[in-house]
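**Student:**
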Amino acid sequence: MKLSRWANLPPTSRSLLLWSSTSPFNFSISTSIRRTLAVKSSLASKASFNFLPFVLAFASEFRRSTLSLSISGSCSLIELDVVEGAVQSLTTSFRPSKRCIMAIMWMRGRKSLYLPIHSCNSGIIYLPSPYSPSVADRCGTSGVHQVFSCLSPSLQSIITMNPSNNRKPYHGERRKLVFAFDVGTTFSGISYSILDPGEVPKIWTVTMYPGQGTTGGDSKVASILEYDANGSVCAIGAEASQYSENGVAEERGWTKVEWFKLHLRPKTFGPSRIEDGRIPPLPGNKSVVDVFADFFSYLYRCGREHIQNTHAAGDHILRSVEGHIEFILGHPNGWGGAQQAQMRQAAIKAALVPDNELGHARIQFVTEGEASLHYCLNSGLSMDVLKEGANIMVVDCGGGTIDLSSFRFLSANPIAATEIAPPGCRLQGSVFVNRRAYTFLLEEKLKGSSFDDPQDVERIVDRFETIKRRFKEGNGPVYIRFGTSRDDDPEFGVKKGVLKLTEDEVAGLFRPSLDSIVEAIDEQIRLAPYDIQGVFMVGGFTSNDWLFSTLRNRITSRGLSLCRPDGFTNKAVADGALSFYLDHFVSARVARMAYGSPCNALYDSSDTEHVSRASQIYVDYAGYDRLRHGFSLILPKGTRVQEEQEFRCRLCRTDRRLSRLKNVSAAIMSYIGAKNDPKWTDLEPGDFETLCTVTADTSQLLPTMSRRHGPRGHAYYR
């Protein structure tokens, strides 16, 4: 690999550091000397990288124009002091089968800029991020950013950027702990960050949960609870799954609670509404807030135990952050203020935070779509995607919901993005494939057989869950073992306890979800004012090869690229929620609904809609004709809203008695219907929802109010 040209370095640049793997790593530096180029070589051991002893050949104190070094071994450090001069080229070679770790540090004065190059496989070097003038200037190395601007386009296209390396140190006055909870329909996850003043925050993932067979390595836990008849929690997570599978829960009369997240959904959910009867019910003595509170308490306990068990002085860390723990809660794109209020109530009930203003401020919310974007950015997006003016879509395919968000990059370094379309949300996650499998087996495939009992079908669907994850196109029939060799009914595809399903039958269970995803992607494309170039898929459902490959065929025909980021995408929301808190890449969001306030509209005889409501006219205290059920729009749907941007409308209240104006209240409502300018709340009452009520103490203004007279001579105050 050859980097064709390196730009001029600052006169006092120093410290080019390289660490190599066990394979030979050869490089040469060609220079043009203006005065003196002094090169000093040093050897050092980096125990944290677990490197072995090394052998190094080097030259120093030279005045030649070229220096060639050959490095063998696994720990090599070369320090080059460039007094004055310009590096013209850098050539490296190594065996593609080995890994190489390299880092570059430019120092000037007492400031430094450190850029680690994480890994190298198959001859490809992955750079976390390029320099930019702003970064270089902040670090006192103006001009160094030119180094990477001269890379060839072919090499730039394979460079992976990791914005976490540009994450700023925490500037708070004291240590803080931040948890991110991703409560999924089927599985949940926890990420956290310990913020120490002056240190760059790092995102950690909880990988140990009670009852899991392996220690470390699974970043998710089942979203399942078991309750007894009194409503007490008996088991949660992996332990609840075990008690359910081995029959202990049934023997003890416990009630299994799963998919509880979907009970919090807005009842008006656009194109993918579902009835409560299609969701497993909650116990009669438990509300959805109660269940969320129990599960939040469990996640909090697991997070604390993980810190105690995996961090040195973990107990001390937890004691040092008491009262200074914040929580980031992810939720589907389709949820709003009402759902956030219930989640906050559950967090308070779980004793995560106190029920006061300071406690409420320690809880933040982020949509799963925006969290997924942050995850993708930290997992690495190639430079041909992550560049100024690029537009991408992130699709989070989870257990319950499909969340879609589209973004435009305003800047690549530092990363700044803005939402360009109202976020989408569909109730077509992986659990609905299971629900369709249950209905298909009970009402079609096994109807009339000796296995059409609901409990038998439920057992088959449980076995189908494992098969579902591995299903891919071209593998032929699917076989589900659910019984013994005595379970035989060949007429219905059951032989010796094994049910046979054709590939098309299984694909048919996935197609409604696939069609819904494609429809939602098309909607995002239609609503976005810019052309989308790429679609990034995350979430547990995305790991299914049939869904991904079939979706890719459908999407690429629209001229879009489709890919899955590396890593465990089932932890995308938890890790991404932490990145949202730390990195904050998105500066503006698009309102997915309209917001306004109910009002009594002043009658306008030239407005046909008003004329059609003439029979509803009433005269207000001031003597003006008005119509009830009006809606004063504050924020139209689809508006791009910058952070801290304000939207307002003017409302007034009139009364004939001054004493009744001591307090003034106004409701803030949302509208999720199709109209761009809704004017009447009684036309689509199901599409309006009261989010909150704003109340103002206006008693101090009463002395300044004077009596007014309306067109009919009525006296009033306003």
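Be aware that the sequence shown starts at 7, since it is given in the numbering used here, and climbs by one per residue. Ideal Cβ positions, reconstructed from N, Cα and C, are used throughout, including at glycine.
1. Which residue wins for smallest C-alpha separation from Thr660, given the options Thr213, Val391, Ala241, His715?
2. Under three-state DSSP, which class holds Thr445?
3. Could you check if Met599 is buried or exposed, using at least 16 other CB atoms within 10 Å of its CB as the buried criterion?
4. Specify whether the stretch 335-342 and the stretch 527-546 touch according to this definition: at least 3 beta carbon pairs, one from each stretch, less than 8 Å apart.
5. Taking the alpha carbon of His312 as the point to measure from, which residue in Ile531, Ile196, Asp688, Lys262 has its own alpha carbon closest?
6. According to DSSP, simplified to helix, strand and coil, what is His616?
7. Would Ala344 and Ser303 qualify as a contact pair, given that the criterion is a beta-carbon distance under 8 Å?
8. So which of His635, Ile531, Lys474 has the shortest CA-CA distance to Gly566?
9. Is Phe438 helix, strand or coil when you go by DSSP?
10. Comparing alpha-carbon positions, which option in Arg180, Glu529, Ala578, Leu584 lies nearest Arg325?
11. How is Gln348 classed by DSSP in three states: helix, strand or coil?
12. Have a look at Asp234 and Leu268 and give me their C-alpha separation to the nearest angstrom.
13. When you compare each of Trp686, Thr490, Glu479 to Ala513 by their alpha carbons, which one comes out closest?
14. My assumption, with CB atoms under 8 Å, is that Gly342 sits in contact with Ser676. Please give the rounded CB distance.
15. Taking the straight line between their C-alpha atoms, what separation do you get for Gln348 and Leu270?
16. Excluding five sequence neighbours on each side, which residues of the same chain lie with their C-beta closer than 6 Å to the C-beta of Thr490?
17. May I ask whether a heavy atom of the ligand SAM can be found less than 7 Å away from the beta carbon of Ile354?
18. Pick helix, strand or coil for Pro207, following the three-state DSSP scheme.
19. Does the separation of the CB atoms of Asn481 and Glu509 fall below 8 Å?
20. What does a CB cutoff of less than 6 Å around Asn291 pick up in its chain, not counting 5 residues either side in sequence?
21. Can you tell me whether Thr556 is buried or exposed, with buried defined as 16 or more other CB within 10 angstroms of its CB?
22. Nearest CA to the CA of Ile334: which residue from Glu374, Thr699, Lys393?
23. Expressed to the nearest angstrom, what Euclidean distance is found between the alpha-carbon atoms of Pro535 and Pro272?
24. Closest to Ala405 by CA distance: which of Val579, Arg469, Ile426 is it?
25. Out of Ser378, Gly320, Trp552, point me to the one whose CA is closest to Val439's CA.
26. Would you list, in sequence order, the uninterrupted beta strand (DSSP E) runs of no fewer than 3 residues that lie entirely inside the stretch 193-274?
27. Assuming the contact rule is C-beta atoms closer than 8 Å, Gly629 and Arg564 should be a hit. Round their C-beta distance to whole Å, please.
28. Determine the direct distance from the alpha carbon of Leu383 to that of Ile398, and round the result to whole angstroms.
29. Between which two residues does the alpha helix (DSSP H) holding Thr316 run?
30. Should Ser229 go down as buried or exposed, given a rule of 16 or more other Cβ atoms within 10 Å for buried?
31. Spatial neighbours of Gly679 within its chain, please: C-beta separation below 7 Å, excluding the five flanking residues on both sides.
32. What are the uninterrupted segments assigned as alpha helix (DSSP H) that are 4 or more residues long and contained completely in the stretch 450-506, given in chain order?
33. Where does Val93 fall in DSSP's three states?
34. Opposite Leu335 in the DSSP bridges: which residues?
35. Using the Cα positions of Val467 and Leu697, report the straight-line distance between them to the nearest angstrom.
36. Whole angstroms is fine: what's the gap from Asp458's alpha carbon to Glu256's?
**Tutor:** Result, derived from the coordinates:
1. Locating residue 660 in the sequence shown gives position 654, counting from the first residue. Among Thr213, Val391, Ala241, His715, the Cα nearest to that of Thr660 is on His715.
2. Along the sequence shown, one-based indexing puts residue 445 at 439. Three-state DSSP puts Thr445 in a helix.
3. Translated into positions along the sequence shown, residue 599 becomes position 593. With 16 or more other Cβ atoms inside 10 Å of its own Cβ, Met599 counts as buried.
4. Counting Cβ pairs under 8 Å, fewer than three are found: no touch.
5. On the sequence shown, residue 312 is found 306 positions in, with the first residue counted as 1. The residue with the shortest Cα to Cα distance from His312 is Ile196.
6. As a first step, residue 616 must be located in the sequence shown, where it is residue number 610. It is helical.
7. Along the sequence shown, one-based indexing puts residue 344 at 338. Along the sequence shown, one-based indexing puts residue 303 at 297. Judged by their CB atoms, Ala344 and Ser303 are not nearer to each other than the 8 Å cut-off.
8. Working through the sequence shown from its first residue, we reach residue 566 at position 560. As written in the sequence, residue 566 is Leu, which differs from the Gly given in the question. With distances taken between Cα atoms, Leu566 lies closest to Ile531.
9. The residue given as residue 438 occupies position 432 in the sequence shown. Look at Phe438 here: in three-state DSSP terms it is helix.
10. Position 319 of the sequence shown, counting from 1, holds the residue named residue 325. When each option's Cα is compared against that of Arg325, the closest is Arg180.
11. Numbered from 1 along the sequence shown, position 342 holds the residue referred to as residue 348. Reduced to three states, the DSSP call for Gln348 is helix.
12. Here residue 234 corresponds to residue number 228 of the sequence shown, with the count starting at 1. Here residue 268 corresponds to residue number 262 of the sequence shown, with the count starting at 1. Leu268 has its alpha-carbon roughly 22 Å from the corresponding atom of Asp234.
13. On the sequence shown, residue 513 is found 507 positions in, with the first residue counted as 1. Taking only the C-alpha atoms, the option nearest Ala513 is Glu479.
14. Indexing the sequence shown from 1 puts residue 342 at position 336. Indexing the sequence shown from 1 puts residue 676 at position 670. Confirmed, about 6 Å.
15. Position 342 of the sequence shown, counted from the first residue, corresponds to residue 348. Position 264 of the sequence shown, counted from the first residue, corresponds to residue 270. When rounded, the distance between both Cα atoms is 8 Å.
16. Counting from 1 along the sequence shown, the entry for residue 490 is found at position 484. If you ignore the 5 residues before and after Thr490, its C-beta comes within less than 6 Å of the C-beta of Gly503, all in its own chain and listed in chain order.
17. Among the components modelled here there is no ligand, and therefore nothing to report on the ligand SAM.
18. The count along the sequence shown starts at 1 and reaches residue 207 at position 201. DSSP places Pro207 in the coil class of the three-state scheme, outside both helix and strand.
19. Start at 1 with the first residue of the sequence shown, and residue 481 comes out as number 475. Start at 1 with the first residue of the sequence shown, and residue 509 comes out as number 503. Contact: yes.
20. Indexing the sequence shown from 1 puts residue 291 at position 285. Within the same chain, Asn291 has close Cβ partners Gly237.
21. For the purposes of this step, residue 556 is taken as residue 550 along the sequence shown, with counting starting at 1. So Thr556 counts as buried.
22. Here the question's residue 334 lines up with position 328 in the sequence shown. Of Glu374, Thr699, Lys393, the residue nearest in Cα terms is Glu374.
23. Here the question's residue 535 lines up with position 529 in the sequence shown. Here the question's residue 272 lines up with position 266 in the sequence shown. Approximately 28 Å between the Cα atoms of the pair.
24. Reading the sequence shown from its first residue, position 399 is the one you call residue 405. At residue 405 the sequence reads Gly, which differs from the Ala that was named. For the residues Val579, Arg469, Ile426, the minimum Cα distance to Gly405 belongs to Val579.
25. As a working mapping, residue 439 is identified with position 433 in the sequence shown. Put simply, of Ser378, Gly320, Trp552 the residue whose alpha carbon is nearest the alpha carbon of Val439 is Trp552.
26. If we require 3 residues or more, the beta strand (DSSP E) runs fully inside the stretch 193-274 come out as 193-201, 230-233, 239-242, 261-264.
27. By 1-based counting over the sequence shown, the position of residue 629 is 623. By 1-based counting over the sequence shown, the position of residue 564 is 558. Wrong, their Cβ atoms sit about 59 Å apart, outside the cutoff.
28. Walking along the sequence shown from the start, residue 398 turns up at place 392. Walking along the sequence shown from the start, residue 383 turns up at place 377. Rounded to the nearest angstrom, the gap between the Cα atoms of Ile398 and Leu383 is 11 Å.
29. By 1-based counting over the sequence shown, the position of residue 316 is 310. Counted as a single uninterrupted DSSP element, the alpha helix (DSSP H) harbouring Thr316 occupies residues 294-316.
30. Against the sequence shown, residue 229 aligns to sequence position 223. Buried.
31. Residue 679 sits at position 673 when you count from the first residue of the sequence shown. For Gly679, where only same-chain residues beyond five positions count, the Cβ hits under 7 Å are Glu690, Asp693.
32. Correct list: 460-476.
33. Position 87 of the sequence shown, counted from the first residue, corresponds to residue 93. Reliability fails at Val93, whose pLDDT of 33 lies under 50, so the model's placement of it is uncertain and no value is given.
34. Start at 1 with the first residue of the sequence shown, and residue 335 comes out as number 329. In DSSP, Leu335 forms a bridge with Phe187, Phe371.
35. Along the sequence shown, read from residue 1 onward, the residue named residue 467 stands at position 461. Along the sequence shown, read from residue 1 onward, the residue named residue 697 stands at position 691. The alpha-carbon atoms of Val467 and Leu697 are separated by roughly 39 Å.
36. Reading the sequence shown from its first residue, position 452 is the one you call residue 458. Reading the sequence shown from its first residue, position 250 is the one you call residue 256. Using only the alpha carbons, I get a separation of about 21 Å.
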